[in-house]
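*Asks:*
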Amino acid sequence: MHARNNWGGSFEMSTSEEVCGYEGNNRDTEWDRAALLGRQDHLDETLQSWVLERSEKSKKTKYVDFGCIVCSHKALKWIFGSIFLAFCVIGLPIIITKSLPKHHPPPTLPDNYTLAIHKALLFFNAQRSGRLPKNNGIAWRGNSGLNDGNDSDVKGGLVGGYYDAGDNTKYNFPMAFSITMLSWSLLEYKQKYVAVNEYAHTRELIKWGTDYLLLTFNNSATKINKIYAQVGGGLNDSSTPDDHYCWQRPEDMDYPRRTISIYQGSDLAGEMAAALASASIVFQDDVTYSQKLIKGAQTVFDFARDGGKRKPYSRGEPYIEPFYNSTGYYDEFMWGAAWLYYATGNSTYLSLATNPSIFRHSKAYFLTPQFSVLSWDNKLPAAMLLLTRLRMFLSPGYPYEDMLMMYHNITSLTMCSYLHHYKVFNRTKGGLIQLNRGQPQSLQYVANAAFMASLFADYMQVIGAPGWYCGSTYFSASALKAFATSQIDYILGKNPMKMSYVVGFGNKFPRHVHHRGASIPNDHKHHSCTGGWNWRDTPNPNPNTITGAMVGGPNSFDQFHDSRKNYNFTKPTLAGNAGLVAALISLTSTTGSGIDRNTIFSAIPPLGPQNPPPPPPWKPIKT
Numbered sequence: 023m024h025a026r027n028n029w030g031g032s033f034e035m036s037t038s039e040e041v042c043g044y045e046g047n048n049r050d051t052e053w054d055r056a057a058l059l060g061r062q063d064h065l066d067e068t069l070q071s072w073v074l075e076r077s078e079k080s081k082k083t084k085y086v087d088f089g090c091i092v093c094s095h096k097a098l099k100w101i102f103g104s105i106f107l108a109f110c111v112i113g114l115p116i117i118i119t120k121s122l123p124k125h126h127p128p129p130t131l132p133d134n135y136t137l138a139i140h141k142a143l144l145f146f147n148a149q150r151s152g153r154l155p156k157n158n159g160i161a162w163r164g165n166s167g168l169n170d171g172n173d174s175d176v177k178g179g180l181v182g183g184y185y186d187a188g189d190n191t192k193y194n195f196p197m198a199f200s201i202t203m204l205s206w207s208l209l210e211y212k213q214k215y216v217a218v219n220e221y222a223h224t225r226e227l228i229k230w231g232t233d234y235l236l237l238t239f240n241n242s243a244t245k246i247n248k249i250y251a252q253v254g255g256g257l258n259d260s261s262t263p264d265d266h267y268c269w270q271r272p273e274d275m276d277y278p279r280r281t282i283s284i285y286q287g288s289d290l291a292g293e294m295a296a297a298l299a300s301a302s303i304v305f306q307d308d309v310t311y312s313q314k315l316i317k318g319a320q321t322v323f324d325f326a327r328d329g330g331k332r333k334p335y336s337r338g339e340p341y342i343e344p345f346y347n348s349t350g351y352y353d354e355f356m357w358g359a360a361w362l363y364y365a366t367g368n369s370t371y372l373s374l375a376t377n378p379s380i381f382r383h384s385k386a387y388f389l390t391p392q393f394s395v396l397s398w399d400n401k402l403p404a405a406m407l408l409l410t411r412l413r414m415f416l417s418p419g420y421p422y423e424d425m426l427m428m429y430h431n432i433t434s435l436t437m438c439s440y441l442h443h444y445k446v447f448n449r450t451k452g453g454l455i456q457l458n459r460g461q462p463q464s465l466q467y468v469a470n471a472a473f474m475a476s477l478f479a480d481y482m483q484v485i486g487a488p489g490w491y492c493g494s495t496y497f498s499a500s501a502l503k504a505f506a507t508s509q510i511d512y513i514l515g516k517n518p519m520k521m522s523y524v525v526g527f528g529n530k531f532p533r534h535v536h537h538r539g540a541s542i543p544n545d546h547k548h549h550s551c552t553g554g555w556n557w558r559d560t561p562n563p564n565p566n567t568i569t570g571a572m573v574g575g576p577n578s579f580d581q582f583h584d585s586r587k588n589y590n591f592t593k594p595t596l597a598g599n600a601g602l603v604a605a606l607i608s609l610t611s612t613t614g615s616g617i618d619r620n621t622i623f624s625a626i627p628p629l630g631p632q633n634p635p636p637p638p639p640w641k642p643i644k645t
């Protein structure tokens, strides 16, 4: 009997003598057949078990054919099991989390400076003259001054612009300064304006002013000999109906409003150039309008630089001199030239702004405290800070470095003068710095100084300078921020009177603001020139709230009289509010901190390394 050998070869079973390879006598080696049969059965069972075992093993391994991949059932189970486990561990919690109602963290509450800036900007809406846009937002204001400039040669008249204060006069000088300050703050803190949702609004306010300024001279010409400096006004102690004698809402004005022309006035022209040039950078996304502003700025600046027109615009003008008298024009030369350089990139303007004779004639080298106070009249500290910015960020080098370094040093000393440590200026017991030497209407100067201090601190932060020196004493930049914060906090109510000097901010603020439009009810009745005196003299609060107006402020003893007739306390002005807006936006931390380093330099070409000119070639001296 033969069976298959699974290890190869044959497996032979036999009953002969050759079984198991044994050879011998058949008789002598006869097998017990019963035993042999039993053994054979055993071997058959063994063989069967091997064959069956291999057959069973081959049946246990099953495969799934996916076409390009063959996978066993067991592996497939592991794969699907792993996927299910991953879903339970990772996917299911994500699905549950996504399906749960979302609880967003509460938004960051705006700080006081952000709340105040919304209100401070509304003051400009309340001061608009002309045909008001539908979105002006001041319910008690309407169209006014539609006959302004009828006595001029301007087609359509001089309609538009802003009333200066509580009267209905349009003064170009402080109006232009206000526009420059708004533009400057917008260029420095654009992202903050955007974040507090006031960027578009502020641009509208700037354009309202620049559109009007462009009307006041022949902006299509390259050379002019006249500027309309003012519309309206009045004479002190006059009994003739005018902006001072009458107490009327702008909408009710029915008296003659004269237009004042000037044929000399470098200060006014220089400030108008600064306003138009700075605004041209604000509107650089509107190329046509920006170029129009630049052209206008160059035209009026040429008027300012004309040797035959160098006289303060207010001199000998009884409708101007008692109210907005200018003390000089060299500061406007520096200020206007600096802005024109930034707007055009023309180095001629930078050469003028850094001309030593401009510095000398402006008397900046005197370093007297009065020249460190920024105002609608004195632009020196602002002009030098603006040019210090150029040195700190671009460092143009020769031939400007000497004068720029001088401006930087004086700016540093100006900042030192604001610190209580040096006592350059007195302070009230409540902590208000007396920049105008105890004279009334001090808050406008305080707001300007707070803006400059805060801005200079931000300049230092950008270049990584932790502070600056006052003589041999080193101060951290945070000292300037602390100064600015303390002064603006005082204005907003942290003072002995516990009163906010910004109308509408806080619970306690002036209710008898010296303002014609706010003091007469909007009752759709015409109130005559003298009929409005009843509202001027009443002890009742104003029927209309002129939101955001910063009043003149307290006296040097921290005292404030909320009296409509006492304008030194309760009169708001465009220039004052412009400085307030600039200071507030510089201090708000609701949206972070920092300035826009580059936008203001957009028109300036790359500055390569500049070295002093080589010495002249040597020539032998003839003897």
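Adding 22 to a residue's 1-based position in the sequence shown gives its number in the working numbering.
For glycine and all other residues, C-beta sits at the position ideal for the given N, C-alpha and C.
I need the straight-line Cα distance from Ala222 to Leu372, nearest angstrom please.
*Replies:* 30 Å
*Asks:* Quick check on Gln466: does DSSP put it in helix, strand or coil?
*Replies:* helix
*Asks:* CB-CB under 6 Å to His659, same chain, minus the five flanking residues each way: which ones, in chain order?
*Replies:* For the chain, the structure presents residues 23 to 645; residue 659 sits outside this window and is missing.
*Asks:* Among the residues of its own chain, which have a CB less than 8 Å from the CB of Tyr341, if the five just before and after it don't count?
*Replies:* Gln252, Gly255, Gly256, Leu257, Arg280, Ile282
*Asks:* Pop quiz: Phe393 and Lys385 are said to be a contact at Cβ under 8 Å. What is the actual Cβ separation, rounded to whole angstroms?
*Replies:* 7 Å
*Asks:* Rounding to the nearest angstrom, what Cα-Cα distance links Asn158 and Phe145 in this structure?
*Replies:* 11 Å
*Asks:* Following the continuous alpha helix (DSSP H) through Trp230, name the residue where it begins and the one where it ends.
*Replies:* 221-237
*Asks:* Between which two residues does the beta strand (DSSP E) holding Val253 run?
*Replies:* 249-253
*Asks:* Work out the CA separation of Asp580 and Lys451 for me, nearest whole Å.
*Replies:* 7 Å
*Asks:* Tell me whether the region 560-575 and the region 135-151 touch, counting them as touching only if at least three CB pairs, one residue from each stretch, are closer than 8 Å.
*Replies:* Flag = yes, the region 560-575 and the region 135-151 touch.
*Asks:* Between which residues of its own chain and Thr202 is the CB-CB distance below 6 Å, once the five residues before and five after are set aside?
*Replies:* If we look at Thr202 and ignore the five residues flanking it on each side, its Cβ neighbours are Ala296, Ala297, Ser300.
*Asks:* Hey, which unbroken runs of the alpha helix (DSSP H) at 4 residues or more fall wholly within the region 394-481?
*Replies:* 402-415, 423-440
*Asks:* Would the C-beta of Thr450 count as close to the ligand GDP, meaning under 7 Å from any of its heavy atoms?
*Replies:* Looking at this structure, you won't find the ligand GDP or any other ligand, since it has none at all.
*Asks:* Going by DSSP in three states, Thr567 sits in which element: helix, strand or coil?
*Replies:* coil
*Asks:* Within its chain, find whatever has a CB closer than 6 Å to the CB of Gly183; leave out the 5 residues flanking it on each side and keep chain order.
*Replies:* Taken in chain order, the residues that qualify are Ser151, Lys192, Tyr234.
*Asks:* By alpha-carbon positions, which one of Thr238, Thr610, Tyr335, Asn620 ends up nearest to Ala217?
*Replies:* When only C-alpha atoms are compared, the closest one is Thr610.
*Asks:* Gly574 to Ile455, Cα distance in whole Å?
*Replies:* 14 Å
*Asks:* If you follow the alpha helix (DSSP H) that Trp361 is part of, which residue opens it and which one closes it?
*Replies:* 352-366
*Asks:* With a cut-off of 8 Å, do at least 3 Cβ pairs link the region 473-485 to the region 520-536?
*Replies:* no
*Asks:* Thinking C-alpha only, which one of Leu389, Lys156, Ala142, Gln213 is nearest Thr612?
*Replies:* Gln213
*Asks:* Can you give me the C-alpha to C-alpha distance between Gly204 and Lys141, rounded to a whole angstrom?
*Replies:* Before going further, note that residue 204 is Leu rather than Gly in the sequence given. If you take the alpha carbons of Leu204 and Lys141, they lie about 15 Å apart.
*Asks:* Taking the straight line between their C-alpha atoms, what separation do you get for Met521 and Arg332?
*Replies:* 44 Å
*Asks:* Would you mind working out which of Ser508, Ser434, Gly515 sits nearest Ser494, comparing C-alpha positions?
*Replies:* Ser434
*Asks:* Assess, as a yes-or-no matter, whether the region 455-472 is touched by the region 405-421 under the definition of 3 or more beta carbon pairs within less than 8 Å.
*Replies:* Contact between the region 405-421 and the region 455-472 is absent, because fewer than three Cβ pairs lie under 8 Å.
*Asks:* Start and end of the alpha helix (DSSP H) containing Ile139?
*Replies:* Start and end: 134-148.
*Asks:* Between which residues of its own chain and Ala359 is the CB-CB distance below 7 Å, once the five residues before and five after are set aside?
*Replies:* Tyr371, Leu374, Ala375
*Asks:* Would you tell me roughly how many angstroms separate the C-alpha atoms of Gln306 and Gly601, rounded to the nearest one?
*Replies:* 23 Å
*Asks:* If you draw a straight line from the C-alpha of Arg619 to the C-alpha of Asn588, how long is it?
*Replies:* 43 Å
*Asks:* Closest to Leu209 by CA distance: which of Asn172, Asn562, Phe623, Gly598 is it?
*Replies:* Phe623
*Asks:* Ends of the alpha helix (DSSP H) at Tyr311?
*Replies:* 309-327
*Asks:* Cα-Cα, which of Met294, Trp398, Ser439, Asn562 is closest to Ala501?
*Replies:* Ser439
*Asks:* Is the number of C-beta pairs between the region 260-279 and the region 539-555 that are closer than 8 Å three or more?
*Replies:* yes
*Asks:* Could you pull the start and end residues of the alpha helix (DSSP H) that Thr202 belongs to?
*Replies:* 194-210
*Asks:* Taking the straight line between their C-alpha atoms, what separation do you get for Leu596 and Pro196?
*Replies:* 7 Å
*Asks:* So the beta strand (DSSP E) Ser261 belongs to, where does it begin and stop?
*Replies:* No beta strand (DSSP E) holds Ser261; DSSP gives it neither H nor E.
*Asks:* Would you report the Cα separation of Ala138 and Lys593, rounded to the nearest angstrom?
*Replies:* 18 Å
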